[in-house]
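Enquirer:
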Amino acid sequence: MQKIVLATALVISATFGVMARADVENPAVMARMDAMKTIGGSLKTLGDMAKGAVAFDAAAANAALDAVEQKAAAVPALFEAQETDPESEAKPEIWTNWEDFVAKSKALEMAAAGATITDQASIGAAMGALGGTCKACHSDYRM
Ligand code: HEC
């Protein structure tokens with residue numbers, strides 16, 4: 032059980048930005064983890080811009096939002112089959128509460144679609160909107 036505190040946008044990027052699993056055997060599990068990693072990487076890009084570690088770039092920031100939207104849209108298809116792997120952190124409740132899981136992935140997709148970043152100051156609000164949906168799903172469906 033992971034305790035993830037999403038107090039600020041910066042914590043979000045620090046929490047999700049750098050995780051890698053090399054020893055996953057099931058390619059279907061790898062594929063869904065890769066989608067999550069892309070989502071996490073996009074949040075890290077935004078977090079780096081928010082804190083000024085990377086220069087603000089509106090096109091890159093909105094491309095990160097687009098990537099999140101696209102991967103979120105793919106989440107139901109990537110998780111639909113109940114695939115397992117010793118490395119997986121997916122809880123079995125995903126498949127017993129499937130409609131809720133899909134609704135939570137839709138919430139992320141909609142948050143990313145609805146967010147627009149115009150300047151560095153607007154990154155935090157966008158990340159907050161996205162981050163709430165990560166937490167809502169992870170707290171129920173990720174170990
Ligand atoms: C609809 C549910 C859902 C949403 C929304 C969601 N996640 Fe996930 N995420 C999962 C599940 C389930 C796993 C575990 C998958 C596994 O290990 O098989 C996971 C795993 C991850 C991982 C680890 C990937 C790996 O390599 O093991 C990262 C990073 C991640 N999510 C980031 C995010 C971020 C950032 C957001 C929000 C912007 C987000 N997720 C939104 C369900 C979700």
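Residue numbers (our numbering): 32 to 174.
The C-beta atom is built at its ideal place from N, Cα and C for all residues, glycine as well.
Terminal residues of the continuous alpha helix (DSSP H) containing Val79?
Expert: The amino acid occupying residue 79 in the given sequence is Asp; Val does not appear at that position. First-last of the alpha helix (DSSP H) with Asp79: Pro58 to Ala81.
Enquirer: Pull up the distance between the alpha-carbon of Pro123 and that of Ala142, whole angstroms please.
Expert: Computed Cα separation, rounded: 25 Å.
Enquirer: Pull the bridge partners of Ala121 from the DSSP assignment, please.
Expert: Ala121 pairs with Arg173.
Enquirer: With a threshold of 16 other CB atoms inside 10 Å of the CB of Glu140, please say whether the residue is buried or exposed.
Expert: So Glu140 counts as buried.
Enquirer: Residues in its own chain within less than 7 Å of Asp54 by CB, not counting five upstream and five downstream?
Expert: Excluding positions up to five away in sequence, the list reads Glu118.
Enquirer: Assess contact between the segment 125 to 133 and the segment 84 to 103, defined as three or more Cβ pairs (one per stretch) separated by less than 8 Å. Is contact present?
Expert: No, the segment 125 to 133 does not touch the segment 84 to 103.
Enquirer: How would you call Gly145, buried or exposed, if buried means at least 16 neighbouring beta carbons within 10 angstroms?
Expert: Gly145 should be labelled exposed.
Enquirer: The ligand HEC and Leu74: does any heavy atom of the ligand fall closer than 6 Å to the residue's C-beta?
Expert: Yes - the ligand HEC has a heavy atom lying nearer than 6 Å to the Cβ of Leu74.
Enquirer: Within the same chain, show all residues whose beta-carbon is closer than 7 Å to that of Ala104, passing over the 5 residues directly before and after it, in chain order.
Expert: Closer than 7 Å at the Cβ level, and outside the excluded window around Ala104, lie Glu140.
Enquirer: Quick one: measure Cβ to Cβ for Met174 and Glu120, integer angstroms, because I've assumed they're closer than 8 Å.
Expert: Rounded, the Cβ-Cβ distance is 4 Å, consistent with contact.
Enquirer: Assuming Ile148 and Ala92 form a contact by the criterion Cβ under 8 Å, report the distance between their Cβ atoms to the nearest whole angstrom.
Expert: Confirmed, about 4 Å.
Enquirer: For Asn57, tell me which candidate among Leu109, Phe132 and Leu161 has the shortest Cα-Cα distance.
Expert: With distances taken between Cα atoms, Asn57 lies closest to Leu109.
Enquirer: What is the residue span of the alpha helix (DSSP H) that Ala144 lies within?
Expert: Per DSSP, Ala144 belongs to the alpha helix (DSSP H) from Trp129 to Gly145.
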